[in-house]
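Okay, so here's the structure we're looking at.
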Amino acid sequence: MSDRPAAPADPVDRLSALLERFRVRAHLFHAGPLCGVTHYAERPGIGFLHVIRRGEMVVTHGDDPSAPRRIEVTEPSVLFYPRPLAHTFHNPPEEDNDFTCATLAFDGGASHPLARALPPVVVLPLAKVEGIDHTLALLFAETTRVRCGQRLLADRLFEVLLLQLLRWLLDHPAEGEVPLGLLSGLSHPALARALVAMHERPGDAWSLESMAHEAGLSRSVFAATFKAHVGETPAEYLAHWRLSIAQAELRKGASIKQLAGDLGYASAAALSRVFAQKVGISPREWLKRRSPEDFSAGTSRPR
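Letter by letter, the sequence shown follows residues 1138 to 1440 in the numbering used here.
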């Protein structure tokens, strides 16, 4: 096969297979002004999505080295926290402002593939995201007055907003400061085809050649490009993807024997060996050590 990419193929859906397996559930908890200092504590499995409709503020993250200590927000923006990270809003008490905020519960908590792949915080002016105006208009309409089903509809609209934000990050990885990993790989047109195929068919007998064929690249170019964008080899990524699925299904009560065949392993023993090699403990021991948040991340209000 040539080292040149194949002719451009039809666009692929880079998110559906991922989010169908690993859901993110939003829960509205605030709509209206914020004055003074508001602190959002770090909680296992919980992220945040804040929409600043009007006003200015300063956001601080304490001494956490993973995030900037101070961010100034001077225009309508969305602040997205995909992983637990304590943050504090500082709003001038006299300034007129308007916020709509939701928690995000990631299935599997910190093991959710997207939670691992995103930067600790994304700050994005609303004006940059094409098509977001319609979603925000509906969201703000639902949060300005009480109507039947208001909270449920607002939660779903926050999930739509999250999808639009993820689309923007896929299309603007450099501007969104997307690190090496899953989203960086999905942002690459050729790699996206291979990654989506693995996401949709994790139990196939994948080889480097078959992955490269999906991408339309030679094996050598595919392997080098994959490592450069995703940060690990295709085989390592596939093993981690299969284990993420195994962990999610184990939390739901599935058996290792059932999962082995679905994920392309010859036997339950083979899957258990890979699980122990990658995770450090057996599937049975891993299940015993899981916290309640790992099984079902709650959507209660922040403290």
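All C-beta atoms in this analysis are idealised placements derived from N, C-alpha and C, irrespective of residue type, glycine included. This one's a predicted model, so the numbers in the text were calculated from it and none came from an experiment.
DSSP state of PRO1230, grouped into three classes? In this structure, DSSP gives PRO1230 a state outside helix and strand, which the three-state scheme calls coil.
For the alpha helix (DSSP H) holding GLY1398, just list the boundary residues, first then last. 1393 to 1399
Closest to PRO1316 by CA distance: which of THR1175, TYR1177, PRO1257 is it? The candidate whose alpha carbon is nearest that of PRO1316 is PRO1257.
ILE1418 classed as buried or exposed, judged by whether at least 16 other C-beta atoms fall within 10 angstroms: It counts as exposed.
Would you kindly work out how many angstroms separate the C-alpha atoms of ALA1154 and HIS1336, rounded to a whole number? 6 Å
For the 8 Å Cβ check, are there 3 or more pairs between the region 1210 to 1224 and the region 1282 to 1290? no
Taking the alpha-carbon positions, what's the ILE1269 to VAL1259 distance? 16 Å
Once DSSP output is grouped into helix, strand and coil, what is the label at THR1211? coil
Whose CA, out of LEU1303, ARG1427, THR1240, lies closest to the CA of LYS1265? Checking every option, the nearest Cα to that of LYS1265 belongs to LEU1303.
Does the beta-carbon distance from GLY1246 to PRO1181 come in below 8 Å? yes
Inter-stretch contact at 8 Å, needing at least 3 Cβ pairs: the region 1348 to 1364 / the region 1176 to 1193: Contact between the region 1348 to 1364 and the region 1176 to 1193 is absent: fewer than 3 CB-CB pairs across the two stretches fall below 8 Å.
Under 8 Å: do the region 1348 to 1360 and the region 1285 to 1300 share three or more Cβ pairs, one atom per stretch? Counting Cβ pairs under 8 Å, fewer than three are found: no touch.
If you drop the 5 nearest sequence neighbours on each side, which residues of the same chain put their C-beta closer than 6 Å to that of ALA1334? GLU1351
Contact between the region 1153 to 1167 and the region 1200 to 1208: three or more CB pairs below 8 Å? no
Residues bridged to ASP1235 [DSSP beta-bridge criterion]: ARG1191
Start and end residues, alpha helix (DSSP H) containing LEU1424: 1420 to 1426
Look at the alpha carbon of ARG1440 and the alpha carbon of CYS1238, and state the distance between them as a whole number of angstroms. The predicted position of ARG1440 is uncertain, since its pLDDT is 34 and thus under 50; a value taken from the coordinates is nonetheless stated next. About 14 Å.
Determine the DSSP secondary structure at ARG1162, reduced to helix, strand or coil. Strand, per DSSP.
Quick check on the DSSP output: the beta strand (DSSP E) that includes TYR1177 runs from which residue to which? 1173 to 1177
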